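Residue numbers (full-length UniProt numbering), protein chains in the order written: chain H, 1 to 889; chain R, 1 to 228.
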Amino acid sequence: MANWGLPAPWSRAPAALWRRPAVVLATVVAGLLVALPAAAAPLFLSSSGNATLHNQIDRSCQWRVGARVEAPLSFAAPPFDRDRLTGERALDRRAEAVRAAAATVPRLSRPVVTTHLTANVVPARRPAVAPDRTTVVLMARDGFRGHVRLLAGGEGPGIWLPDGFARLQGLEPGDRVAVGTAGGAPVPMRVAAVYRDLRSLPDQPYWCGLEELYRGKPLSNQPVFPVALVDTGPLLTVAGDSEFDAGQRLEMAVDSTGLTTSGARPVVDGLTAFRDAVSRAGPAVFPGGPDITSTLGGDVARAELVVASLTGTVLPLAAAGALAGLVIAGAAGAFWADRRRTELAVLSARGVGPVAVAGKAMLETAVPVVLGGALGWVAARTLVAGSGPSPLVTPAAVGDSVLAAAAATLTALAALAVTAGVRAARVFDAPPAHRHRVLRRLPWELLPLAGAGLAWSLLDGETTTSSVGTAGMVAHLPPRLIVAPVLLTAGLALLTARLTRWALALARRRAAGDPAGAFPRHVARFLAWRRVRATPAVAAILVAATSVPVALSAFGATVIGSVERTLHAEGQLIVGTDAVFGLTGSTAVPPALGDRATVTKLWTDGDLGGTTVHVLGVDPATFGRAAFWDPALPGPDLAELLSRIGDPDAPSPGAVLAGMPVPADPVLEVRGQRRALDLTEAPQLPGKGPGYPMLLVHREVLDGLTGAARPYLWVRGDPDRSVAAVAAAGLGVSTVSRADQVHQVGVYTGITYTFAFLAAVSLLSGVIIVVGLLLHLDARARARRSAYVMLRRMAVTALAHWRALVLEVGGLLLAGFAAGAAIASVVVLLTRPDYDVDAATAPGTVVDVPWVVLAALLGAALATGAVAAGTAQRAASRARPSEVLRDPH
Amino acid sequence: MTRTDAPALRCAGVGHGYPVDGRVVRVLSGVGLTAERAAVTALTGPSGSGKSTLLRILACLERPDEGTVEVAGTEAARLPARRRRALRRAHVGYVFQDPADNLLDYLTAAEHLALGARLRGAGTDAAGARAVLDALGLGHRAAHRPRQLSGGEQQRLALAFAAAGDSALLVADEPTAQLDRSATGLVLDALRHLAGRGHAVVVATHDPQVRGVADQVIELRDGSRTEV
């Protein structure tokens, strides 16, 4: 074997370690624990960016993400513009121009062409059953037959009618109808099919770009007509005689499968080139110019903004995780030195210094540490792919993670070697013990506590937002919400350690004064307590070390849950409930929704003491079951508020006011009619938006003031199901407002991802503590073996000894869990106002206690205690009395 | 500064204590001695008299609280750790009580001697090492590893390993404590042989046989020297 000119202990080092599997395992784990958080950071950032991108794409309409070219299609060229293309010629030229430009954009589909206009459909051979309801949106869209639910017919050419319209007009497949525009000549057509009205089904991706045509725009009073489908030819025939332009859209989707933020850039660039190319087609093809839209660029920019906002917190957290891992690397170095103590004593006695020993440790452990580093990278990749925001990461992030893992691995190796060197130096050249005592007495915990106070007061606490284009904004985590809690947790954990140590030392001193009593009845409890008391420093470190991951995990989970619950509550409060339908006809609650719906009436021009208010008329008996309310909201409960809405016939009926103080003269004026009210003020009310104050009155009070208030159907529960139920009931609906769409334009994932990463790092530090605990138990195994042999001779059973170990280790872990939960409570109590990322909207923070996470952490602590006790018991029970009694150590 | 005409070891007024439960327990007080080259000095005394502590101080493994320790003409008591290690490396060989604690399990007897010389900066002299092994009765064990040797052979090899590279001072802590009478005799022969090669040998012992081969016997009692 080549010795590279080194003495044998160094030249043979690379092969020496493999004879000690426990040390190999410890060094592999050390490399893994340091490399894992370091490698995870770039992967997590990239994953977060890609998840944000896909979240936006998935909740957007595919045609809006890709490209939509919109322009009116004229059918009559003005006399002064004879070169202008019209009708079918214009349609063909447009499609050709868009198709050619789209072909150069990666991932962009071929265009789907839609042409539509408003027309009337009436039976050809008899009068219409409902003459005032004959208007439809006549639409020709490529491939529509494959994207509707056919109810009857479907063969041959003709018009496809929605079932509600066909039923209303008494039309069936095979009937003849006349289709015409206002002022144009009617075109006879055959009813080819009846299909399920698009409004009675959840929105489908194929139709999403046309949603405002068949469902209407939210909060708009424009009428919405049923959609009748035809091929392009018949539509052009109907339109040919029209004085009006038809609407036309050419829509292209982006194939987002496996799309990353870096992979999306060429697509965005291609879309820019597409826009230029289509615009160059000129006014002959697009009179007045085409309206070209695509949200992909904004989606990518927002995803990159999220990554940028995360970087400042994720990297320090990853560094903290890697530093925690370095503690294990150091422990592995100490473990190595312990297993090499004879050799190190021989070499140190001969004057071999710490640097040479560190070099030997490095040569011995390089391969397993590098192996651990590689496993750490694999673990990071697997964890991010499996549990991260998205399994997708960019190639650059993979490269960065490899570099980070390599750097972390080298650092781990260095930490291990330095610790081994220091341990070797202390074999014979230990510094005086009194120095340690002085360092230990310094109040170190004051530093992080003071740092937390400074961070809280100096750093910005507002949730800031950045807008990208006009489509939405990205929320940034307030820096103090991550810095101050982490410092506060560290300080409180150190304080816990000091208090634990002090309490145990006090207990030890008191016990020393007691005379030796009789043999204890509860041997396990006696042994566990004696052992804990005998090593107060170890107990304090274990309790404090356990409290940190518990506290940070619980805190992170609380923030994530509270941010989401608060946003949800805000969305619900603004809309009023999960879905609110503007009704155009019947105001009867469909039987299918009877137990979770109510009908309200809204008048937006009320005057109360000179202030314009929105007046919501409700039925107090049914409003509570349909309206949103969270018990965590401040102020009186909704049921109590509804009880204040008194008899509508009373001289001054009760009403509830939110958003303004009760005026001196509480008289509501609507359309010149006045009504005195007995007002109760509330912090917020369901349905109250950020604008005008809201007045909640009995519906009959509002009916008495104006018959023109708009009726709304409020429905709790899944909005998609509610939409289907409302359509199935045949209710006329003008608008649909959904709570889940209120914050849709905002990207809040940067905040939740930050705390998800914090929770992950906390769990990693929990793993580190478990490894550290096992290393500590292994280091004490020799002493424990001796004690076990002696205890067995004193008739202590193996079961009693195991119980004592469970109580000793498990008790300390439970104490750590309790301390962690208490620390998290303190941190949440102090920082909770910052969890409301939309502070302008009521309510304030709604705290979500993460019971599941706490239960999981408690389970993990108990399981760790049981496993560690089992391991220690196994090691102790291997002892042979003859060996133990000879062992000089 | 190392002086070649100085005795291998000279100490004076050495005192030392250990902290126990917040107070210092003194184990050595005002001890002085001189160990010349080519001589065997035996340190005796009852258990707890401070022999092992003094031995560690003389071998520069520990720093005394007070007094001076001069090894090969260099004052070692107040040297920083790095220079004390350098002094150990150049001039001191130390043998622990347990034979197994003195040797590296993956090296043969010959490799131990080569390593000892290498660590002291001396060239590897295979023939010289062979001669030392022969002289200590270990010539036929040159290619054997420690676990293939008996306890007495291990302790003789430990002495040769400690002396390798011509250390000025050879310090052994009860090297015969775990050996039978015949093995002890062979170890004592080895000690005499090494002293004959010019090493100053200081041995802590309870064994009357060791006292029999010593040129100088120093007895410690309660941490202080009593003349024999």
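Idealized CB from N, CA, C, for every residue including glycine.
Keep in mind that this is a model prediction, so the values were computed, not measured.
Taking Cβ positions only, does residue i come closer than 9 Å to chain R?
i	result
V809(H)	no
P9(H)	yes
R12(H)	yes
residue 916(H)	Examination of residue 916(H) is not possible in this model, given that chain H is present from 1 through 889 alone.
S348(H)	yes
Quick one: list the residues of chain R neighbouring residue i, beta-carbon separation under 8 Å, in chain order.
i	result
E445(H)	Chain R residues near E445(H): none, gap ~24 Å exceeds 8 Å.
F428(H)	R56, L61, E62
A16(H)	Y106
What does a CB cutoff of less than 6 Å around residue i pick up in its chain, not counting 5 residues either side in sequence?
i	result
L657(H)	L679, E681, L695
L220(R)	G45, S49, G50, K51
Q97(R)	D173, E174, A177
M252(H)	G66, A67, A102, L108, S109, P111
Check the Cβ of residue i against every Cβ in chain H and list those closer than 9 Å, keeping chain order.
i	result
A86(R)	G351, G353
R211(R)	Result: empty, since nearest Cβ-Cβ is about 25 Å, beyond 9 Å.
R89(R)	R350, G351, V352, G353
Which same chain residues, not among the five before or five after residue i, have their C-beta less than 7 Å away from its C-beta?
i	result
T845(H)	S562, T566, R832, P833, Y835, D836
M660(H)	T611, P693
M362(H)	L413, A417
V770(H)	T864
A163(R)	G93, L170, L194, H199
L315(H)	A41
F817(H)	T546, V550, L857, L858, A861
P888(H)	With a pLDDT of only 45 at P888(H), under the threshold of 50, the placement of this residue in the model should not be trusted; the figure read from the coordinates follows. Counting only Cβ-Cβ distances below 7 Å, and skipping sequence neighbours, we find nothing.
Starting from the beta carbon of residue i, find every residue of chain H whose beta carbon is closer than 7 Å, and list them in chain order.
i	result
D101(R)	T342, A345
Can you pull the chain H residues whose beta carbon is under 8 Å from the beta carbon of residue i, in chain order?
i	result
A81(R)	A425, D429
L115(R)	P7, A8, P9
E36(R)	Result: empty, since nearest Cβ-Cβ is about 23 Å, beyond 8 Å.
R78(R)	Under the 8 Å cutoff, chain H gives no residues; its nearest Cβ is about 13 Å from R78(R).
Could you confirm whether any beta carbon from chain H is found closer than 9 Å to the beta carbon of residue i?
i	result
G93(R)	yes
V14(R)	no
L119(R)	yes
E75(R)	no
A177(R)	no
E111(R)	yes
A72(R)	no
A172(R)	no
I think residue i touches residue j, with their Cβ atoms under 8 Å apart; what is that distance to the nearest whole Å?
i	j	result
V203(R)	L191(R)	7 Å
A779(H)	D400(H)	Not really, about 37 Å apart at Cβ, beyond 8 Å.
R249(H)	E96(H)	The Cβ separation is near 16 Å, so there is no contact.
D142(H)	V112(H)	5 Å
G353(H)	R82(R)	7 Å
A349(H)	L61(R)	6 Å
Note down, in chain order, each residue of its chain lying with its Cβ closer than 8 Å to the Cβ of residue i, except the 5 sequence neighbours on either side.
i	result
P651(H)	A676
S60(H)	T295, D299
Contact list for the stretch 402-426 of chain H against chain R, Cβ threshold 9 Å: A425
Short-range partners of chain H found in the stretch 141-165 of chain R, where Cβ spacing is below 7 Å: none
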